[in-house]
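Down below is the structure, laid out as structure tokens.
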Amino acid sequence: MTATISRRRQLAAGLALCLFGSAGAQAQQPREVKVGFVLPLSGGAATIGNQTKVGAEIAIEQINAAGGIRALGGARLVPVFADSQSKPDVGVAETERLITREQVSVMVGAYNSAVTFPATEVAERYKTPWLVTGSVKDEITERGFKYVFRPNNMALYDAREQMDAIDLLARESGKKPQNIGLFYEGTDWGRSHSAAVKKLAQERGYKVVMDESYPPNQSDFSAQLLKVRASKPEALVLVAYTPDHILFSRQFADARLNVPYGIHSVGGGSEDPSFYKAVPQRAVEYLFVQDDFQVDIMQATKDPASLDADKKFQQRMGYPLNAYGAQGVSNVYILKDVFERAASSEREKLREALAATDIRSGTALITGYARVSFDAKGQNVDAHGVITQNQGGQRRTVWPAENRVAGTRPVWPLPDWAQR
Numbered sequence: 186m187t188a189t190i191s192r193r194r195q196l197a198a199g200l201a202l203c204l205f206g207s208a209g210a211q212a213q214q215p216r217e218v219k220v221g222f223v224l225p226l227s228g229g230a231a232t233i234g235n236q237t238k239v240g241a242e243i244a245i246e247q248i249n250a251a252g253g254i255r256a257l258g259g260a261r262l263v264p265v266f267a268d269s270q271s272k273p274d275v276g277v278a279e280t281e282r283l284i285t286r287e288q289v290s291v292m293v294g295a296y297n298s299a300v301t302f303p304a305t306e307v308a309e310r311y312k313t314p315w316l317v318t319g320s321v322k323d324e325i326t327e328r329g330f331k332y333v334f335r336p337n338n339m340a341l342y343d344a345r346e347q348m349d350a351i352d353l354l355a356r357e358s359g360k361k362p363q364n365i366g367l368f369y370e371g372t373d374w375g376r377s378h379s380a381a382v383k384k385l386a387q388e389r390g391y392k393v394v395m396d397e398s399y400p401p402n403q404s405d406f407s408a409q410l411l412k413v414r415a416s417k418p419e420a421l422v423l424v425a426y427t428p429d430h431i432l433f434s435r436q437f438a439d440a441r442l443n444v445p446y447g448i449h450s451v452g453g454g455s456e457d458p459s460f461y462k463a464v465p466q467r468a469v470e471y472l473f474v475q476d477d478f479q480v481d482i483m484q485a486t487k488d489p490a491s492l493d494a495d496k497k498f499q500q501r502m503g504y505p506l507n508a509y510g511a512q513g514v515s516n517v518y519i520l521k522d523v524f525e526r527a528a529s530s531e532r533e534k535l536r537e538a539l540a541a542t543d544i545r546s547g548t549a550l551i552t553g554y555a556r557v558s559f560d561a562k563g564q565n566v567d568a569h570g571v572i573t574q575n576q577g578g579q580r581r582t583v584w585p586a587e588n589r590v591a592g593t594r595p596v597w598p599l600p601d602w603a604q605r
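Residue numbering for the sequence shown follows the working numbering, beginning at 186 and increasing consecutively.
Take a look at the structure:
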């Protein structure tokens, strides 16, 4: 009888241990996971920063509505946004605040390369994973950092796509520019991109006849336009954020300068819907744009979450999903994949999961990438964009040739202003 009672007590103790142990484990599961975002929500790049923010918010709402992070017991994603104002010192301070005070698990940002470059140094020091959005400065992933991962293009990729497009159009038409000009904003983004274009242009036999930078937030481009007129580039590579791109485009059109093989803009302002609302159609007709999102085939996707994101983005912003909104969506879905595989909100485990990322389907690829995986430096080597040409108020993909929508024909070379 005594042995039976003792045995029952042991079983009861074991059952209690299992029950309380299980409850304790469940109690340790986070009910929510904080994700920090540093973006330009005011200042010159505010429209782009807010487009990224809306895309991220939509993706977070979708994920939370679908049950949250299942590997964490349905934990909800909670975004914590900070405004960099496109200023490196502000971005650095806000990064440190989100990591130390808000205790975010992972960081996303910061669009401006000049902000991302120093801000990621802070994240690396605090051993906090950082998922880059938009920033292309090559050196961001060239410093041997272990916590920085970039799914989008680096500057070299953007430049290569622009030069590949020029080469393709030259082969197709038998007409090729002999020289190019470079005109770019003078921060990390512009300098990094122009250096890559210059290197590639010289390797491919194009003479660089203009290499001109300008300080951001210009009030007048008259002096620089005189240099364009004097140097006579046959193709002009342009790097500009939205406000500067608006002003330059207006003044360029008013000056009626002929650049026979066109202006080739590397994203930035020319991917921003607010840019197209602020300039007359004649100012952007035939403009070539290195796009990080193929806007003319969005209707072809069959992914329900992507279609829902596009619908909600239009409702909130008044225009369809664009490159920056899509990057916001993609960044969050990449992190969902990471959280599920890490089954943790701990920074080190998230870093390990990010390094092992290999996404080949789903909403994380809404940007158009075939794959997201990171090399030893943290760069997604499968990142790519497309080159579009503005024709009749629409951006039509002209490179790669296999991405062209039926009926698209590049205009190359461009007609003179007198013939438009």
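Every residue, glycine too, gets a C-beta built ideally from N, C-alpha and C. Quick caveat, the model's predicted, so the values are computed rather than measured.
| task | Check residue 298 in the structure and name its three-state DSSP category. | result | Position 113 of the sequence shown, counting from 1, holds the residue named residue 298. Here residue 298 sits in helix by DSSP.
| For residue 349, the nearest candidate out of 391, 314, 322 (CA to CA) | For the purposes of this step, residue 349 is taken as the residue at position 164 of the sequence shown. With distances taken between Cα atoms, residue 349 lies closest to 391.
| request: Pull up the CB-CB distance for residue 425 and residue 370, whole angstroms please, since I reckon it's below 8 angstroms. | output: In the sequence shown, the residue the question calls residue 425 occupies position 240. In the sequence shown, the residue the question calls residue 370 occupies position 185. Beta-carbon to beta-carbon, residue 425 and residue 370 are separated by about 6 angstroms, close enough to satisfy the 8 angstroms threshold.
| query | How close, in whole Å, do the beta carbons of residue 542 and residue 523 come, if the pair is a contact with beta carbons under 8 angstroms? | reply | The residue labelled residue 542 in the question sits at position 357 within the sequence shown. The residue labelled residue 523 in the question sits at position 338 within the sequence shown. Correct: roughly 7 angstroms between the Cβ atoms.
| request: For residue 564, collect the residues of the same chain with a Cβ closer than 7 angstroms to its Cβ; drop the 5 residues on either side in sequence, then sort them by chain order. | output: In the sequence shown, the residue the question calls residue 564 occupies position 379. Answer for residue 564: 326, 335, 339, listed in chain order.
| query | According to DSSP, is residue 576 helix, strand or coil? | reply | Here residue 576 refers to the residue found at position 391 when the sequence shown is read from its first residue. If DSSP states are grouped into helix, strand and coil, residue 576 belongs with the strands.
| task | Indicate whether the contact test is met: 3 or more Cβ pairs, each with one atom in the region 451-471 and one in the region 546-563, closer than 8 angstroms. | result | Not touching, per the Cβ criterion.
| Looking only at DSSP bridge pairs, what is residue 366 linked to? | Here residue 366 corresponds to residue number 181 of the sequence shown, with the count starting at 1. Residue 366 is bridged to 395, 421.
| task | Assign residue 285 to buried or exposed, taking buried as 16 or more other Cβ atoms, counted over all protein chains shown, within 10 Å of its Cβ. | result | Walking along the sequence shown from the start, residue 285 turns up at place 100. Counting every other CB atom within 10 Å of its CB across the protein chains shown gives residue 285 a total below 16, marking it as exposed.
| Residue burial classification, residue 405 (beta-carbon count within 10 angstroms, cutoff 16) | Counting from 1 along the sequence shown, the entry for residue 405 is found at position 220. Exposed: under 16 other Cβ atoms inside 10 Å.
| Where the alpha helix (DSSP H) through residue 234 begins and ends | For the purposes of this step, residue 234 is identified with residue 49 of the sequence shown, where counting begins at 1. Start and end: 231-250.
| query | residue 374 to residue 253, Cα distance in whole Å? | reply | Within the sequence shown, numbered from 1, the residue matching residue 374 stands at position 189. Within the sequence shown, numbered from 1, the residue matching residue 253 stands at position 68. Answer to the nearest angstrom: the Cα atoms are 36 angstroms apart.
| request: Please list the segments of the alpha helix (DSSP H) lying wholly inside the region 293-354, counting only runs of 4 or more residues, in order along the chain. | output: With a minimum length of 4 residues, the continuous alpha helix (DSSP H) runs that stay inside the region 293-354 are 298-310.
| In DSSP terms, what residue 543 is bridged to | Within the sequence shown, the letter at position 358 stands for residue 543. For residue 543, the pairing in a beta bridge is given by DSSP as 558.
| How far does the beta strand (DSSP E) with residue 450 in it reach, from first residue to last? | Here residue 450 is taken as the residue at index 265 of the sequence shown, counted from 1. Per DSSP, the continuous beta strand (DSSP E) segment holding residue 450 begins and ends at 448-450.
| query | In three-state DSSP terms, what is residue 458? | reply | Residue mapping note: residue 458 aligns to position 273 of the sequence shown, counting from 1. For residue 458, the three-state secondary structure derived from DSSP is helix.
| message | To the nearest angstrom, how far is the alpha carbon of residue 337 from that of residue 544? | response | Your numbering for residue 337 matches position 152 in the sequence shown. Your numbering for residue 544 matches position 359 in the sequence shown. Rounded to whole angstroms, residue 337 to residue 544 spans 14 angstroms at the Cα level.
| message | Going by DSSP in three states, residue 674 sits in which element: helix, strand or coil? | response | A query on residue 674 cannot be resolved here, the shown segment of the chain reaching from 186 to 605 and no further.
| What is the DSSP secondary structure of residue 264, counted as helix, strand or coil? | Locating residue 264 in the sequence shown gives position 79, counting from the first residue. Here residue 264 sits in strand by DSSP.
| request: Identify the continuous alpha helix (DSSP H) that holds residue 413 and give its terminal residues. | output: Residue 413 sits at position 228 when you count from the first residue of the sequence shown. From DSSP, the alpha helix (DSSP H) with residue 413 extends over 407-416.
| Residue environment, residue 333, which counts as buried when at least 16 other CB atoms sit within 10 Å | For this step, residue 333 is matched to residue 148 along the sequence shown. Under this definition residue 333 is a buried residue.
| field | Neighbourhood of residue 558 by C-beta, 8 angstroms cutoff - its chain only, sequence neighbours within 5 removed | value | As a position in the sequence shown, residue 558 is number 373, starting the count at 1. For residue 558, the CB contacts under 8 angstroms within the same chain, skipping 5 residues up- and downstream, are 542, 543, 544, 565, 566, 567 in chain order.
| Which word fits residue 497, buried or exposed, when buried means at least 16 other C-beta atoms lie within 10 angstroms of its C-beta? | Numbered from 1 along the sequence shown, position 312 holds the residue referred to as residue 497. With 16 or more Cβ atoms within 10 Å of its Cβ, residue 497 is classed as buried.
| field | Touch test, the region 300-310 against the region 234-248, Cβ-Cβ under 8 angstroms, three pairs minimum | value | Taking a cut-off of 8 angstroms for Cβ pairs, the region 300-310 and the region 234-248 do not touch, as fewer than three such pairs fall below it.
| request: Measure the alpha-carbon distance for residue 562 versus residue 331 and round it to whole angstroms. | output: For this step, residue 562 is matched to residue 377 along the sequence shown. For this step, residue 331 is matched to residue 146 along the sequence shown. Roughly 8 angstroms separates the two Cα atoms.
| request: Could you work out which residue in 389, 398, 363 is closest to residue 379 when comparing CA atoms only? | output: Along the sequence shown, read from residue 1 onward, the residue named residue 379 stands at position 194. Comparing Cα positions, the closest option is 398.
| Exposed or buried, what is residue 597 when buried is set at 16 or more other beta-carbons lying within 10 Å of its beta-carbon? | As a position in the sequence shown, residue 597 is number 412, starting the count at 1. Buried.
| Going by C-alpha distance, which of 230, 388, 224 is nearest residue 238? | The residue given as residue 238 occupies position 53 in the sequence shown. For residue 238, the nearest C-alpha among the options comes from 224.
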